[in-house]
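In the numbering used here, the protein residues as written are 10 to 767. Quick notes on the structure that follows.
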Amino acid sequence: MAHEQGYVSALYQRLDEMREQAGRRLATLLRQTGGTPQAKTERDSGVALYTDQVAQYGAVEHGLCFGRLDFEEGDPRYIGRIGIFDEGDDHQPLLLDWRAPASRPFYVATAASPDGVRRRRHIRTRRRTVVGLDDEVLDLEAARESVHEGLTGEAALLSALSASRTGRMRDIVETIQAEQDGVIRSPMDGVLVVQGGPGTGKTAVALHRAAYLLYTHRQKLSTRAVLIVGPNETFLRYISQVLPSLAETGVLLGTLGDLFPGVVARRDEAPEAAEVKGRPVMVEVLAAAVGDRQRLPDEPLPIKLDSVAQGETLSLQPATIRHARERARRSGKQHNLARPIFDTEIVHALAAQLAEKIGTDPYADDPLGGDDAPGEEILFDEADLAEIRRELRKEPEVLGTLDWLWPILTPQQLVAGLFASDTRLANAAAVLTEDERKLLRRDPAGGFTPADVPLLDEAAELLGEDEASKEALAERLRRARIEYAEGALEIARGSISIDAEDEVENEVLSATDIIGASELAERHVDGERLTAAQRAAADRKWAFGHVIVDEAQELSPMAWRLLMRRCPSRSMTVVGDVAQTGDLGGASSWDTIFEPYVATRWRLSELKVNYRTPAEIMAVAAEVLARIDPALEPPRSVRQTGEEPWTRRLDVAQLPKVVLDEAVEVGDGRLGVIVPAGRMAELGPAIADAVPEVVLGAEPDLEKRVAVLTVRQAKGLEFDSVLLVDPDAIVAESPRGQNDLYVALTRATQRLGILTAA
Numbered sequence: 010m011a012h013e014q015g016y017v018s019a020l021y022q023r024l025d026e027m028r029e030q031a032g033r034r035l036a037t038l039l040r041q042t043g044g045t046p047q048a049k050t051e052r053d054s055g056v057a058l059y060t061d062q063v064a065q066y067g068a069v070e071h072g073l074c075f076g077r078l079d080f081e082e083g084d085p086r087y088i089g090r091i092g093i094f095d096e097g098d099d100h101q102p103l104l105l106d107w108r109a110p111a112s113r114p115f116y117v118a119t120a121a122s123p124d125g126v127r128r129r130r131h132i133r134t135r136r137r138t139v140v141g142l143d144d145e146v147l148d149l150e151a152a153r154e155s156v157h158e159g160l161t162g163e164a165a166l167l168s169a170l171s172a173s174r175t176g177r178m179r180d181i182v183e184t185i186q187a188e189q190d191g192v193i194r195s196p197m198d199g200v201l202v203v204q205g206g207p208g209t210g211k212t213a214v215a216l217h218r219a220a221y222l223l224y225t226h227r228q229k230l231s232t233r234a235v236l237i238v239g240p241n242e243t244f245l246r247y248i249s250q251v252l253p254s255l256a257e258t259g260v261l262l263g264t265l266g267d268l269f270p271g272v273v274a275r276r277d278e279a280p281e282a283a284e285v286k287g288r289p290v291m292v293e294v295l296a297a298a299v300g301d302r303q304r305l306p307d308e309p310l311p312i313k314l315d316s317v318a319q320g321e322t323l324s325l326q327p328a329t330i331r332h333a334r335e336r337a338r339r340s341g342k343q344h345n346l347a348r349p350i351f352d353t354e355i356v357h358a359l360a361a362q363l364a365e366k367i368g369t370d371p372y373a374d375d376p377l378g379g380d381d382a383p384g385e386e387i388l389f390d391e392a393d394l395a396e397i398r399r400e401l402r403k404e405p406e407v408l409g410t411l412d413w414l415w416p417i418l419t420p421q422q423l424v425a426g427l428f429a430s431d432t433r434l435a436n437a438a439a440v441l442t443e444d445e446r447k448l449l450r451r452d453p454a455g456g457f458t459p460a461d462v463p464l465l466d467e468a469a470e471l472l473g474e475d476e477a478s479k480e481a482l483a484e485r486l487r488r489a490r491i492e493y494a495e496g497a498l499e500i501a502r503g504s505i506s507i508d509a510e511d512e513v514e515n516e517v518l519s520a521t522d523i524i525g526a527s528e529l530a531e532r533h534v535d536g537e538r539l540t541a542a543q544r545a546a547a548d549r550k551w552a553f554g555h556v557i558v559d560e561a562q563e564l565s566p567m568a569w570r571l572l573m574r575r576c577p578s579r580s581m582t583v584v585g586d587v588a589q590t591g592d593l594g595g596a597s598s599w600d601t602i603f604e605p606y607v608a609t610r611w612r613l614s615e616l617k618v619n620y621r622t623p624a625e626i627m628a629v630a631a632e633v634l635a636r637i638d639p640a641l642e643p644p645r646s647v648r649q650t651g652e653e654p655w656t657r658r659l660d661v662a663q664l665p666k667v668v669l670d671e672a673v674e675v676g677d678g679r680l681g682v683i684v685p686a687g688r689m690a691e692l693g694p695a696i697a698d699a700v701p702e703v704v705l706g707a708e709p710d711l712e713k714r715v716a717v718l719t720v721r722q723a724k725g726l727e728f729d730s731v732l733l734v735d736p737d738a739i740v741a742e743s744p745r746g747q748n749d750l751y752v753a754l755t756r757a758t759q760r761l762g763i764l765t766a767a
């Protein structure tokens with residue numbers, strides 16, 4: 010203990026030196042101003058580098074060093090969260106990053122295959138103090154007597170599993186098992202599917218894989234970023250500390266509802282409506298919705314002119330509009346980008362009509378009129394017609410008609426307008442039944458739902474982005490900056506006072522002599538220092554270097570269509586369990602998800618060991634799993650707690666007392682009370698009124714001791730103890746109620762109680 014404390018203290022001293030050095034360099038760069046564009050770019054890069062380093066060194070404060078490997082030959086290796094080197098001794102490693110190849114024996118060496126390792130030591134620390142050591146001597150005879158064959162660091166693992174929950178997921182970097190390590194270090198290319206039952210550590214493995222890929226592919230992923238998609242906001246808060254604790258901060262975490270820039274989709278809707286929106290046929294519906302907005306009236310449209318031929322009225326014929334629409338559609342351009350083609354056809358037709366109307370000299374019979382003979386046509390050359398077209402494009406009536414016939418639309422306008430109108434739904438969604446269209450019908454007030462986001466993304470693909478308005482705004486801002494700079498330089502010129510006697514001998518060099526207004530304006534453009542993840546969050550067309558999807562079985566076909574656009578390289582880690590699929594639009598097999606995109610070219614890794622759920626609880630959950638699919642095998646639990654699950658009759662009046670008693674039993678741990686969604690309004694407030702430190706709602710704070718949740722809210726989370734209320738109602742609420750019950754039964758790490766109305 011004393012020896013390891015000395016080594017760990019030396020590592021923390023080196024960490025402090027590295028943090029202080031990075032802080033000094035950052036402060037120096039922040040004080041620098043001006044310079045050439047190249048110097049400013051270099052300064053910005055340095056600021057980003059040292060900012061990340063300061064954050065990284067602070068994040069690894071807890072558990073900096075957690076392992077040591079002793080080999081049959083050679084020096085021992087210490088394993089930790091980051092790599093630390095001795096600059097005074099030719100950069101010899103003092104601490105190996107857990108992701109480095111040389112660290113891998115810490116996770117995979119066994120007595121049967123020791124890889125040269127004689128002893129593996131787990132070092133437990135509290136703050137900067139060593140509080141315990143667990144040694145494994147990799148001896149084959151000792152391994153044969155092990156209770157849990159195949160586990161590495163058994164004592165450290167079981168200690169971590171038995172520890173009380175805190176409301177935040179902790180990293181497993183100290184106790185990664187061999188099957189998990191194989192997934193974490195799997196090559197980045199292609200789609201890797203990680204299938205695993207409850208408690209197998211799928212989420213933790215996915216997060217550690219993100220950290221590993223950022224370490225091994227730093228150059229690529231630092232510029233393209235990594236996207237992690239979770240099922241809900243509560244889940245994202247629950248896992249939010251894992252990657253920072255692994256010294257990685259350049260990752261974008263989001264839900265499906267966050268994946269369309271400018272929209273935060275949190276509106277609730279019926280599961281049946283979300284299922285309809287998730288179907289592939291919605292691609293066809295949205296394309297029809299765009300076509301429906303390209304109007305073709307049955308009757309001619311009168312257009313009264315105000316300026317080019319005051320008082321004149323033109324007639325825009327349906328045949329002309331049809332021709333213009335077909336011409337624009339044949340261009341193959343997206344709706345908004347095809348609008349100029351449509352406009353040109355209509356304006357040309359109107360110009361020809363106007364030219365024909367005024368083509369006969371109206372003053373031919375007037376002695377004071379022109380020189381033309383009665384009825385003689387006025388001939389217009391191309392320049393004349395072009396001038397007429399320019400004037401027509403300024404006519405308010407013409408502009409209004411064009412906007413009505415072929416409106417410039419945003420994705421939000423298209424989707425919200427579709428669902429707000431029975432007529433538009435009938436026109437665009439004829440492939441759906443009347444009942445399905447009724448599910449989609451809603452008032453536009455209230456925002457968007459998560460299931461709307463893939464539709465918004467599809468709409469954006471169909472509509473295209475009109476860059477002309479953006480470019481016009483940028484040009485106006487640039488001209489405004491130049492105008493401001495010209496004013497500043499004018500003030501500088503006016504402030505120069507030169508003595509008349511010294512005017513020739515003493516020339517004064519001013520700012521106006523060395524810089525123009527345009528250069529000055531560009532030098533004072535405020536530039537934001539954004540990470541790749543921040544830039545990606547604001548850019549719908551961003552192509553991520555890698556995408557990780559948790560609870561992936563819940564995503565609809567339309568959601569997968571969106572994610573595949575975000576990751577054209579198809580470098581993805583997909584984590585889930587089809588036995589836990591709860592959403593009606595979710596997947597029943599991985600083949601159905603990936604066949605349209607990568608056919609059979611995806612890899613499957615299975616996690617079969619349950620680290621979270623004790624064997625006593627898993628025995629109950631296994632009965633439910635058999636009802637879902639008798640062919641499915643539950644994951645094997647690595648431990649027993651001696652706590653058998655209990656069942657009692659549900660007495661609503663006594664429920665708060667039962668929750669209070671269970672909260673006392675849990676002590677400093679966390680208690681999850683899982684109730685049917687349909688009974689949340691009835692049961693939640695009653696519990697909250699009687700029990701202290703209770704949280705409930707759409708986005709509960711899991712750092713409170715007691716959380717009242719629906720199954721959907723509890724997905725992906727874990728608690729020391731779980732009270733499951735009215736399981737029959739949970740099953741009855743959904744066609745996939747057995748899957749929901751299976752999820753609810755497997756959230757506990759220690760104790761399970763069931764309160765049943767039956």
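Even for Gly, the Cβ is constructed at its ideal location relative to N, Cα and C. From a predicted model like this one, the values you see are computed outputs, not experimental measurements.
- prompt: Among Ser578, Thr264, Ser249 and Gly687, which one has its Cα closest to the Cα of Leu564?
  reply: Ranking the options by Cα distance to Leu564, first place goes to Thr264.
field: beta strand (DSSP E) runs wholly inside the region 577–629, at least 3 long, in chain order
entry: Runs of the beta strand (DSSP E) inside the region 577–629: 581–585 and 611–616.
query: With burial defined as no fewer than 16 other Cβ atoms inside 10 Å of the residue's Cβ, what is the status of Gly206: buried or exposed?
result: Around the C-beta of Gly206, 16 or more other C-beta atoms lie within 10 Å, and the residue is accordingly described as buried.
field: For Gln189, the three-state DSSP class (helix, strand or coil)
entry: In this structure, Gln189 counts as helix in the three-state DSSP scheme.
task: Report buried or exposed for Ala234, applying the criterion of at least 16 other Cβ atoms within 10 angstroms of its Cβ.
output: Buried, since its Cβ has 16 or more Cβ neighbours within 10 Å.
field: Any 3 or more C-beta pairs closer than 8 Å across the region 246–259 and the region 567–579
entry: A contact is defined here as three or more CB-CB pairs under 8 Å, and the region 246–259 fails this definition with respect to the region 567–579.
message: In whole angstroms, give me the CA-to-CA distance for Gly162 and Arg194.
response: Distance between the alpha carbons of Gly162 and Arg194: 19 Å.
task: Between the Cα of Val668 and those of Arg688, Glu702, Arg645 and Gly687, spot the shortest distance and give me the residue it belongs to.
output: Nearest C-alpha to Val668 among Arg688, Glu702, Arg645 and Gly687: Glu702.
field: Endpoints, alpha helix (DSSP H) assigned at Ile367
entry: Neither: Ile367 is in no alpha helix (DSSP H) and is coded neither H nor E.
- request: Answer yes if the region 175–195 comes into contact with the region 587–595, meaning at least three C-beta pairs across the two stretches below 8 Å, and no otherwise.
  value: Taking 8 Å as the limit for Cβ pairs, the verdict is that the region 175–195 does not touch the region 587–595.
- request: Classify Leu408 as buried or exposed, calling it buried when 16 or more other Cβ atoms lie within 10 Å of its own Cβ.
  value: That one is exposed.
field: C-alpha distance - Leu52 paired with Arg28, whole-angstrom precision
entry: Note that residue 52 corresponds to Arg in the displayed sequence, not to Leu. CA-CA distance, Arg52 to Arg28, rounds to 19 Å.
query: Going by DSSP, which residues form a beta bridge with Glu145?
result: Arg129, per the DSSP bridge assignment.
Cβ shell of Ile221 (< 7 Å), same chain only, five flanking positions each side left out: Reading off the sequence shown, one finds Tyr at residue 221, where the question assumed Ile. Around Tyr221: Arg108, Ile193 and Arg194.
query: Does the region 90–100 touch the region 135–145, meaning 3 or more C-beta pairs lie closer than 8 Å?
result: The region 135–145, when compared against the region 90–100, does not touch it at the 8 Å Cβ threshold.
query: Thinking C-alpha only, which one of His555, Pro566 and Ala429 is nearest Pro196?
result: Ranking His555, Pro566 and Ala429 by Cα distance to Pro196 puts His555 first.
task: Output yes or no for whether 8 Å exceeds the beta carbon distance between Leu711 and Gly176.
output: Yes. Within cutoff.
- prompt: Can you name, in chain order, every residue of its own chain whose Cβ lies under 8 Å from the Cβ of Leu472, other than the five neighbours on each side?
  reply: Shown here for Leu472: same chain residues with a beta carbon closer than 8 Å to its own, the five before and five after excluded, namely Val299, Gln343, His344, Asn345, Leu418, Thr419, Pro420 and Leu423 in chain order.
message: Which of the three DSSP states is assigned to Ile507 in this structure?
response: Because Ile507 carries a pLDDT of 48, less than 50, the predicted location of this residue cannot be relied on, and the following value inherits that uncertainty. In this structure, Ile507 counts as coil in the three-state DSSP scheme.
task: Enumerate in chain order the residues of its own chain whose CB-to-CB distance from Leu750 is below 6 Å, with the five nearest sequence positions on each side excluded.
output: Hits under 6 Å: Val633, Pro736, Ile739 and Val740.
- prompt: Going by other Cβ atoms of all chains shown within 10 Å of its Cβ, with 16 needed for buried, is Lys286 buried or exposed?
  reply: Lys286 comes out buried.
- request: Kindly give me the distance between the Cβ atoms of Asn614 and Asp198, rounded to whole angstroms, as I take these residues to be in contact under 8 Å.
  value: Just to set this straight, residue 614 is Ser in the shown sequence, not Asn. About 14 Å separates the CB atoms of Ser614 and Asp198; that is not less than 8 Å, and the two are not in contact.
Reduced DSSP category for Arg23 - H, G, I as helix; E, B as strand; rest coil: Secondary structure of Arg23 (DSSP, three-state): helix.
Own chain, CB closer than 7 Å to Arg645, minus 5 neighbours either side, in chain order: Once the five neighbours on either side are set aside, the close Cβ partners of Arg645 are Lys617, Val618 and Asn619.
task: Report the rounded CA-to-CA distance for Asp99 versus Arg136, giving the unit in angstroms.
output: Rounded to whole angstroms, the gap between the alpha carbons of Asp99 and Arg136 is 29 Å.
task: Could you check what DSSP says for Phe728 in three-state terms: helix, strand or coil?
output: Note: Phe728 maps to strand in three-state DSSP.
query: From Gln14 to Gly594, what distance separates their C-alpha atoms?
result: For Gln14 and Gly594, the distance between alpha carbons rounds to 54 Å.
- prompt: On the three-state DSSP scale, how would you describe Pro311?
  reply: In this structure, DSSP gives Pro311 an extended state, which the three-state scheme calls strand.
query: Do you know offhand how far Glu495's Cα is from Thr45's?
result: Just so you know, the alpha carbons of Glu495 and Thr45 end up roughly 21 Å apart.
- prompt: When the Cα of Pro85 is compared with those of Ala111, Ala547, His71 and Gly67, which residue comes out closest?
  reply: Taking only the C-alpha atoms, the option nearest Pro85 is Ala111.
task: With a threshold of 16 other CB atoms inside 10 Å of the CB of Asp380, please say whether the residue is buried or exposed.
output: The predicted model places Asp380 with a pLDDT of 49, which falls under 50 and marks its position as unreliable; any figure quoted below should be read in that light. Burial call: exposed.
message: Under DSSP, the beta strand (DSSP E) around Asp106 begins and ends at which residues?
response: Here the beta strand (DSSP E) through Asp106 covers Gln101 to Asp106.
- prompt: Near Ala435, what residues of its chain come up, given a Cβ to Cβ distance below 8 Å and the 5 sequence neighbours on each side ignored?
  reply: Cβ within range, chain order: Arg446.
query: For Val94, which residues does DSSP report across the bridge?
result: Checking the sequence, you will find Phe at residue 94 rather than Val. DSSP lists Pro102 as the bridge partner or partners of Phe94.
- prompt: Across which residues does DSSP place Gly210 in a beta bridge pair?
  reply: Under DSSP, no beta-bridge partner is assigned to Gly210.
field: C-alpha distance - Ala105 paired with Arg218, whole-angstrom precision
entry: The sequence given here places Leu at residue 105; Ala does not occur at that position. Cα to Cα, Leu105 sits roughly 17 Å from Arg218.
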